[in-house]
Amino acid sequence: MSAGATRASAVTPETKGQTFFRWLFYWMPFLFGVGFIAPLIAQAMAYWDVDAPFGLSRIVFGLLIGAPWGLLTVWRGRWF
């Protein structure tokens, strides 16, 4: 082997931490929809004294918007 040549580095398998973070970042839009968008909708409705339709609580109404929006984002790969 010449001085300038290098060996191909061995591919190391993913660690459990890398696998977890890959999974976490894949599902992050759904978690954002449930953990941020849904409470934001509920708080905005409470601030402006708007009742949720169909007798739902405000947070359930927010979840009905945030969770599907997050899942759609995971599926499509973009928010809009």
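Residue numbering for the sequence shown follows the numbering used here, beginning at 1354 and increasing consecutively.
The beta carbon of each residue, even a glycine, is placed where N, CA and C say it ideally should be.
Boundaries (first-last residue) of the alpha helix (DSSP H) holding residue i
i, result
"I1394", "A1391 to Y1400"
"A1420", "R1411 to R1429"
"W1380", "K1369 to F1385"
Short Cβ contact (8 Å threshold) for residue i with residue j
i, j, result
"G1419", "A1391", "yes"
"I1394", "G1370", "no"
"V1427", "W1380", "yes"
Residue i, buried or exposed, once every other Cβ within 10 Å from all chains shown has been counted against 16
i, result
"P1436", "Lying outside 1354 to 1433, the shown extent of the chain, residue 1436 is not represented and no answer is given."
"G1345", "With the chain covering 1354 to 1433 only, the question about residue 1345 has no answer from this structure."
"G1386", "buried"
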